[in-house]
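For the protein sequence lines, the chains are E and H, in the order given. Sequential numbering from 161 applies to the first sequence in the working numbering. Sequential numbering from 4 applies to the second sequence in the working numbering. The block underneath contains the structure these notes are about, expressed in structure tokens.
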Amino acid sequence: MALLEVNKLSKAFGGVKAVQNVSFSIDAGIVYSVIGPNGAGKTTLFNLITGVYTPSEGEIRLDGKEIAGAGPHTLARLGVARTFQNLQVCMNMTALENVMVGAHLRLDRNLIKAALRFPALRRRDGELRDEAAALMHFVGLDKYVAARADAMPYGALKRLEIARALAAKPRLLFLDEPAAGLNPKETIEVDHLVRKVADSGVTVVLVEHDMKMVMNLSDRILVLDYGKKLTEGSAAEVRRNPDVIAAYLGAHA
Amino acid sequence: MMNFRSPYLGLWLLVAVLAVLPFALPNAFYMDLAIRMAINAVIVLGLNLLIGFAGQISLGHAGFLGIGAYSSAVLTTHFNWHPAFAMAAGAAACAVLAALVARPIFKLKGHYLAMATLGLGIILTIVITNEGAWTGGPDGMPVPPFALFGFELYGEKHWYWVVAAVLAISVWASLNLIDSPFGRALRALHGSEVASQVVGVDVVRYKVAIFVLSAVFASLMGSVTAHYVGFVTPGVAGFFHSIELVTMVVIGGMASVYGSVLGAVLLTALPQALATFEGWETVAFGTILVFTMIFMPKGLVPTLAAKLGRKD
């Protein structure tokens with residue numbers, strides 16, 4: 161059984177049909193990419209699956225369990241994590257704290273114990289601090305471990321989001337344009353990072369415009385255009401598909 | 004700024020100041036001022052958890068203060084309740100009321116809490132003013148002293164130590180809270196609500212929890228004020244008092260524990276210091292606020308901390 165199954169998913173904003181009747185499934189352990197021209201509905205699709213939006217129609221199953229309409233914090237509980245195309249870093253916190261927040265569900269969140277400084281809670285927090293620092297090392301942010309989030313450059317913040325998502329120990333990780341706005345060197349670093357994440361056993365779903373990165377990393381690719389599924393297949397299949405070429409280049413194939 | 008050096012250093016400084024202060028103060032007037040500063044500081048600590056850390060605004064916080072104060076006054080006077088139970092009943096009532104108001108509001112996006120609490124505060128003031136048979140109406144009512152295990156708290160000397168201890172514990176608990184999983188979730192939902200949701204933070208629950216906590220802080224200190232002063236008037240729950248509390252948060256510094264204390268201390272002292280301006284004291288007060296906000300928009304403590312941090 162596939163880890164994630166999406167069946168006839170649709171989302172309309174008033175008259176705009178951002179996602180129409182899209183179906184696909186993702187097997188555990190692969191890198192699955194969603195591509196398409198700007199406005200194709202990629203981010204909307206992410207927002208639907210991660211619970212930020214509620215679908216107008218259709219089903220989403222995680223491990224065969226229906227999750228359409230469940231809120232983001234419920235999905236987090238089920239092992240779904242994500243990053244954002246437009247950065248969603250908490251600028252009022254340090255970089256390390258941002259990563260620590262990712263582990264929210266794995267911690268004792270009791271208010272009274274926290275206020276009274278229960279030793280068990282403090283100890284766990286200390287362990288988490290080390291764990292978060294190790295994650296920052298994993299994503300290549302060693303030198304920002306003591307930094308405030310609002311003092312970090314854009315490229316580092318993109319990776320900080322990945323570290324935060326990993327802190328949740330997800331099974332399914334959605335990366336929304338992790339290389340957007342990065343220079344070529346940084347893009348290659350993120351490429352390697354995504355590979356490392358996938359190799360660690362996390363199923364990765366990727367939205368990305370950098371085609372070299374997508375072709376290089378993806379086991380399967382879904383192509384969206386105007387909210388509809390254009391095609392789905394391996395990198396080689398998608399690359400040869402005349403409809404895909406037409407959608408990207410506007411050619412009449 | 005919390006992770007540089009130990010944030011608990013300031014707590015020890017505060018404890019030291021609180022310990023020597025009564026011996027340095029010349030007379031009961033200053034003792035009274037110190038007590039009122041400390042009471043305000045505890046309320047502002049709670050309010051800052053809500054406003055500064057969680058990013059939610061309450062414009063009716065004095066209403067909770069009023070509930071606490073009048074619970075203590077009415078239940079002890081008319082029903083002969085023990086002051087401790089009356090105080091607990093007020094806090095419980097505030098907790099229930101805050102949860103009832105906040106739950107539906109936090110399901111909406113935007114700053115509706117400010118509107119709702121504004122209304123709530125005004126309604127409470129009207130109720131207190133109109134229920135003259137119970138509350139003495141606009142004239143207020145006397146409150147019997149607070150006694151525990153046969154020991155009666157009376158006068159500035161007693162109350163100072165009680166309030167000082169409460170303040171020190173509140174600062175300690177606030178510092179603990181913000182650097183815990185609960186506190187990080189709270190700050191995260193302020194920093195990015197959607198990001199906190201996708202890591203599993205149930206934002207409605209956290210906002211309600213911190214709102215209830217800050218309401219309970221306010222209620223308890225309302226009861227303390229009532230017993231200490233020995234008299235309550237509807238002004239305690241009034242809109243201007245609510246605004247004054249928010250101003251203390253903003254001037255001292257949003258999301259700053261020590262800022263809460265400093266804001267409360269300064270704004271409690273300022274009207275006294277400005278008394279020489281006679282009719283113009285409100286104007287002077289307003290001018291100081293305006294200039295503080297222009298030159299230190301983040302509030303006193305965060306601005307000063309940033310300045311000092313840059314030097315070394």
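No residue lacks a Cβ here, since even glycine has one placed at the ideal position from N, Cα and C.
Taking the beta carbon of residue i as the centre, do at least 16 other beta carbons fall within 10 Å, making it buried, or is it exposed?
{"i": "D359(E)", "result": "exposed"}
{"i": "K314(H)", "result": "Since pLDDT at K314(H) reaches only 41, below the 50 mark, its modelled position is unreliable, and the value read off the structure follows with that caveat. Classification for K314(H): exposed."}
{"i": "V181(H)", "result": "For clarity, residue 181(H) is Ile in the given sequence; the question names Val instead. Under this definition I181(H) is a buried residue."}
{"i": "E337(E)", "result": "buried"}
{"i": "S193(E)", "result": "buried"}
{"i": "G302(H)", "result": "buried"}
{"i": "G143(H)", "result": "buried"}
{"i": "V374(E)", "result": "buried"}
{"i": "N252(E)", "result": "buried"}
{"i": "F7(H)", "result": "No answer about F7(H) holds up, because its pLDDT of 49 lies below 50 and its placement is not dependable."}
{"i": "S9(H)", "result": "exposed"}
{"i": "A413(E)", "result": "For A413(E), the predicted structure reports a pLDDT of 44, less than 50, and the residue's modelled location is therefore unreliable. A value from the coordinates is still provided. A413(E) is exposed by the Cβ-count criterion."}
{"i": "K202(E)", "result": "buried"}
{"i": "V202(H)", "result": "buried"}
{"i": "Y73(H)", "result": "buried"}
{"i": "D385(E)", "result": "buried"}
{"i": "E226(E)", "result": "exposed"}
{"i": "T347(E)", "result": "buried"}
{"i": "I108(H)", "result": "buried"}
{"i": "P300(H)", "result": "exposed"}
Going by alpha carbons, who is nearest to residue i out of the options?
{"i": "T128(H)", "options": "H81(H), L68(H) and A105(H)", "result": "L68(H)"}
{"i": "A37(H)", "options": "V260(H), S183(H) and G158(H)", "result": "G158(H)"}
{"i": "A176(H)", "options": "L52(H), Y33(H) and V20(H)", "result": "L52(H)"}
{"i": "F26(H)", "options": "V174(H), I131(H) and K160(H)", "result": "K160(H)"}
{"i": "Y241(E)", "options": "F334(E), C250(E) and E291(E)", "result": "Checking the sequence, you will find Ala at residue 241(E) rather than Tyr. Among F334(E), C250(E) and E291(E), the Cα nearest to that of A241(E) belongs to F334(E)."}
{"i": "A395(E)", "options": "L163(E), V305(E) and I195(E)", "result": "I195(E)"}
{"i": "H233(E)", "options": "A339(E), V364(E), I209(E) and V357(E)", "result": "I209(E)"}
{"i": "G66(H)", "options": "A31(H), L269(H), L223(H) and T285(H)", "result": "L223(H)"}
{"i": "D187(E)", "options": "F206(E), R283(E) and E165(E)", "result": "E165(E)"}
{"i": "V176(E)", "options": "A200(E), L163(E) and V191(E)", "result": "A200(E)"}
{"i": "G341(E)", "options": "F278(E), S378(E) and Q245(E)", "result": "Q245(E)"}
{"i": "A217(H)", "options": "I291(H), I254(H), F32(H) and I54(H)", "result": "This sequence places Ser at residue 217(H); Ala is not what is there. When each option's Cα is compared against that of S217(H), the closest is I54(H)."}
{"i": "K112(H)", "options": "V197(H), Y231(H), F220(H) and G225(H)", "result": "V197(H)"}
{"i": "A22(H)", "options": "L103(H), W164(H), E284(H) and G289(H)", "result": "W164(H)"}
{"i": "K372(E)", "options": "D351(E), V383(E), D310(E) and K388(E)", "result": "D351(E)"}
State yes or no: is the beta carbon of residue i nearer than 8 Å to at least one beta carbon in chain E?
{"i": "R106(H)", "result": "no"}
{"i": "D3(H)", "result": "Not covered by the structure: residue 3(H). The range shown for chain H is 4 to 315."}
{"i": "V202(H)", "result": "yes"}
{"i": "S9(H)", "result": "no"}
{"i": "H193(H)", "result": "yes"}
{"i": "N179(H)", "result": "yes"}
{"i": "A258(H)", "result": "yes"}
{"i": "A176(H)", "result": "yes"}
{"i": "S183(H)", "result": "yes"}
{"i": "S222(H)", "result": "no"}
{"i": "S217(H)", "result": "no"}
{"i": "S226(H)", "result": "no"}
Check the Cβ-Cβ distances between residue i and every residue of chain H, and say whether any is below 8 Å.
{"i": "L335(E)", "result": "no"}
{"i": "H297(E)", "result": "no"}
{"i": "A358(E)", "result": "no"}
{"i": "E257(E)", "result": "yes"}
{"i": "Q245(E)", "result": "no"}
{"i": "M312(E)", "result": "no"}
{"i": "P338(E)", "result": "no"}
{"i": "P215(E)", "result": "no"}
{"i": "R283(E)", "result": "no"}
{"i": "A413(E)", "result": "Residue confidence for A413(E) is low, a pLDDT of 44 falling below 50, so the modelled location carries little weight; the figure read from the coordinates is stated next. No, A413(E) does not count as interfacial toward chain H."}
{"i": "G262(E)", "result": "yes"}
{"i": "A293(E)", "result": "no"}
{"i": "L164(E)", "result": "no"}
{"i": "V212(E)", "result": "yes"}
Which whole-angstrom value describes the C-beta separation of residue i and residue j, a residue pair presumed to lie in contact below a C-beta threshold of 8 Å?
{"i": "T254(E)", "j": "A307(E)", "result": "7 Å"}
{"i": "T132(H)", "j": "P237(H)", "result": "5 Å"}
{"i": "L169(E)", "j": "P215(E)", "result": "6 Å"}
{"i": "T271(H)", "j": "R39(H)", "result": "5 Å"}
Between residue i and chain B, is any beta-carbon pair separated by less than 8 Å?
{"i": "R324(E)", "result": "Protein chains in the displayed structure are E and H, and chain B is not among them."}
Handout entry: Contact between the stretch 174 to 194 of chain H and the stretch 260 to 270 of chain E (3+ Cβ pairs under 8 Å)
Key = Note that the stretch 174 to 194 of chain H touches the stretch 260 to 270 of chain E; at least 3 beta-carbon pairs, one per stretch, sit closer than 8 Å.
Problem - Three or more C-beta pairs below 8 Å linking the stretch 72 to 89 of chain H and the stretch 203 to 215 of chain H - result: Taking 8 Å as the limit for Cβ pairs, the verdict is that the stretch 203 to 215 of chain H does not touch the stretch 72 to 89 of chain H.
Practice task
Answer yes if the stretch 250 to 267 of chain H comes into contact with the stretch 37 to 47 of chain H, meaning at least three C-beta pairs across the two stretches below 8 Å, and no otherwise.
Solution key: The stretch 37 to 47 of chain H makes contact with the stretch 250 to 267 of chain H; the number of CB pairs closer than 8 Å reaches 3 or more.
Handout entry: Segment contact flag, the stretch 90 to 100 of chain H with the stretch 248 to 261 of chain H, C-beta cutoff 8 Å, min 3 pairs
Key = No contact exists between the stretch 90 to 100 of chain H and the stretch 248 to 261 of chain H.
Exercise for the section: Taking 8 Å as the threshold, find out whether the stretch 223 to 239 of chain E comes into contact with the stretch 283 to 296 of chain E through three or more Cβ pairs. Expected result: These segments do not touch.
Practice task
May I ask you to verify whether the stretch 361 to 370 of chain E touches the stretch 317 to 332 of chain E, counting CB pairs closer than 8 Å and requiring at least 3?
Solution key: Verdict: yes, contact present.
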